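Under my numbering, read the sequence shown as residues 5 to 149, first letter to last.
Where a beta carbon is used, it is the ideal one built from N, C-alpha and C, also for glycine.
None of the values given here were measured: they were computed from a predicted structure.
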Amino acid sequence: MDKQQDILDQLQQLTAELRSQFFQQLAPELPGLSAMHSRLLLLLAAKPGSSAQQLAQMLRRDKAQITRLINDLEQAALLRRTPDPADGRRQQLLLSAAGEQLATELKAKKRGIAGKMLTGITLQQQHQAATVLAKMYQNLVSPEK
5 MDKQQDILDQ LQQLTAELRS QFFQQLAPEL PGLSAMHSRL LLLLAAKPGS SAQQLAQMLR
65 RDKAQITRLI NDLEQAALLR RTPDPADGRR QQLLLSAAGE QLATELKAKK RGIAGKMLTG
125 ITLQQQHQAA TVLAKMYQNL VSPEK
């Protein structure tokens, strides 16, 4: 097998294991909610006041899926909608106090998973990995030349 294929296979394996560990750790915190709900919660914690359209773009999902997730989180009293003062047609999404608390717990679990994953890896190696991964991402999203 060639080296490029090995790297791709390793990235896919790592991604699958991260998702598995993340969901196993978070499932008790999210009764009735999915990993995608947790991603939305964490994103709203980082970018409060985002609109459904903005969230759809950031998560690379269609707006209908994001709207369903938002409705679920609103029904679970984890977020609320407020009119956007700049554009009355749009709504800003904000976490409720319960949503903020859950997001804080999710972030702590995420840090724990990251700590486990990075055990034995120096800061220099972590910086190198972050640089390489960012470059790989840019290569994929940039228009071909």
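The alpha-carbon of serine 38 is positioned some 9 Å away from that of leucine 30. A straight-line Cα-Cα distance of about 28 Å links glutamine 130 and leucine 59. In this model, glutamine 142 and proline 89 are separated by some 34 Å (Cα to Cα). Look at the stretch 80-136 and you find these whole runs of beta strand (DSSP E), each 3 residues long or longer: 83-88, 91-99. With contacts defined as CB atoms closer than 8 Å, leucine 73 and methionine 40 qualify as a contacting pair.
Between glycine 53 and leucine 98, the beta carbon gap of about 6 Å places them in contact (Cβ cut-off 8 Å).
Taking each of Lys111, Glu148, Thr126, Gly124 in turn and checking the Cα distance to arginine 43, the smallest one comes out for Lys111. For leucine 37, there is no enclosing alpha helix (DSSP H), since its DSSP letter is neither H nor E.
Judged by their CB atoms, lysine 67 and glutamine 79 are not nearer to each other than the 8 Å cut-off. When only Cα atoms are considered, alanine 133 and glycine 92 end up about 43 Å apart. Distance from the CA of aspartate 13 to the CA of lysine 120, rounded to the nearest whole angstrom, comes to 21 Å.
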